Amino acid sequence: MGTGRNSSSQDTKQRLVDGVLEVVRQQGITAVSARSVATAAGANQALVFYHFGSVEELVAQACILATEARVALYRDRFAAVATVGDLLALGREIRTAERAEGNLALLAQTLAGAQGSARLAEATREGLDKWITEVRTALERVLEGSPLAELADPDGLAHAVSTGFLGLTLFDTVDPEGAEQAVAALEQLAVLVDVLDGLGPVATRAVRAKLRKSRLS
1 MGTGRNSSSQ DTKQRLVDGV LEVVRQQGIT AVSARSVATA AGANQALVFY HFGSVEELVA
61 QACILATEAR VALYRDRFAA VATVGDLLAL GREIRTAERA EGNLALLAQT LAGAQGSARL
121 AEATREGLDK WITEVRTALE RVLEGSPLAE LADPDGLAHA VSTGFLGLTL FDTVDPEGAE
181 QAVAALEQLA VLVDVLDGLG PVATRAVRAK LRKSRLS
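In terms of my numbering, the sequence shown opens at residue 1 and continues consecutively.
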């Protein structure tokens with residue numbers, strides 16, 4: 001009997017999470033309320049407070065759970081990345097797919113809501129960190145042995161790339177052509193990295209010396 005009740009409770013919680021995701025994707029975070037979520041979930045709005053304590057906590061948990069589910073879909077793809085160009089190509093693919101699904105928009109919406117909510121700020125940061133972790137791990141791997149490895153900060157680059165793609169999601173609604181130009185510019189930088197990695201040993205030493213000098217100056 002207890003197992004059945006637990007299963008029913010988990011099902012209700014999942015329906016409420018799905019409900020808040022639907023409301024945020026379709027109408028934006030300002031439309032989220034116990035009533036709108038319950039309507040989307042086909043549940044009693046009192047269950048929002050019973051299971052999560054507040055609408056804010058429901059939104060926070062939905063953001064984290066939804067992001068983890070999406071990141072998990074690409075984990076093997078990140079692990080297979082061999083160059084910076086590969087990583088940005090995967091980023092473009094993810095941006096296109098996640099934009100269609102509305103998942104990057106979800107993070108963008110919770111980011112907007114986080115301006116007045118410490119809990120949503122924490123949840124958005126945790127969600128974004130899931131993407132950053134995958135990007136950082138890939139960058140550490142592909143930059144190993146590269147002349148840029150001594151100069152580049154994989155953690156900082158991972159934050160810049162991940163938050164940049166999130167920002168482009170917002171920019172898409174205002175200037176899609178400009179957003180596309182920004183992605184193309186990143187890909188041009190990836191080509192430069194790949195060219196540097198293909199230099200012979202003499203040229204590589206010269207580049208390393210120049211980069212060290214630039215870092216110290």
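Note that beta-carbon positions come from the ideal geometry of N, C-alpha and C, so glycine has one too. All of these numbers come straight from a predicted model, not from anything done at the bench.
Contact check for LEU16 against HIS51 passes: the beta carbons are separated by less than 8 Å. Positions of the alpha helix (DSSP H) runs, each at least 4 residues long and wholly inside the segment 20-70, are given as 34-41, 46-52 in order along the chain.
With contacts defined by Cβ atoms closer than 8 Å, VAL142 and VAL161 do not form a contacting pair.
Per the C-alpha coordinates, the member of VAL24, GLY53, THR30 positioned closest to ALA41 is VAL24. Excluding residues up to 5 positions away in sequence, ARG70 lie with their Cβ nearer than 6 Å to the Cβ of ASN103 in the same chain. The Cβ atoms of LEU88 and LEU128 lie no closer than 8 Å to each other.
By the neighbour-count definition (other C-beta atoms within 10 Å, threshold 16), GLY91 is a buried residue.
Excluding sequence positions up to five before and after ILE29, its CB lies within less than 8 Å of the CB of VAL59, GLN109, THR110, ALA112, GLY113, all in the same chain and listed in chain order.
DSSP places VAL17 in the helix class (H, G or I) of the three-state scheme. If you check the CB distance, ALA43 and THR12 come in under 8 Å.
Bounds of the alpha helix (DSSP H) holding GLN109 are 103-113.
THR96 counts as exposed, since fewer than 16 other C-beta atoms from the protein chains shown sit within 10 angstroms of its C-beta. If you draw a straight line from the Cα of TYR74 to the Cα of GLU93, it comes to about 10 Å.
In its chain, beyond the 5 residues on either side, GLN45, VAL48, VAL55 have a beta carbon closer than 6 Å to the beta carbon of ALA34.
Here DSSP, grouped into helix, strand and coil, assigns ALA152 to coil. Contact between PRO154 and GLU140 holds, with the beta-carbon distance rounding to 5 Å and staying under 8 Å.
Taken atom to atom, the span from the alpha-carbon of ASP18 to that of GLU98 is near 16 Å. If you ignore the 5 residues before and after ALA123, its C-beta comes within less than 7 Å of the C-beta of ALA60, CYS63, ILE64, THR110, all in its own chain and listed in chain order.
The C-alpha of GLN27 lies about 20 Å from the C-alpha of ALA121. Using a Cβ distance threshold of 8 Å, ALA138 and PHE78 count as a contacting pair. At a Cβ-Cβ threshold of 8 Å, LEU168 and ALA179 count as neighbours.
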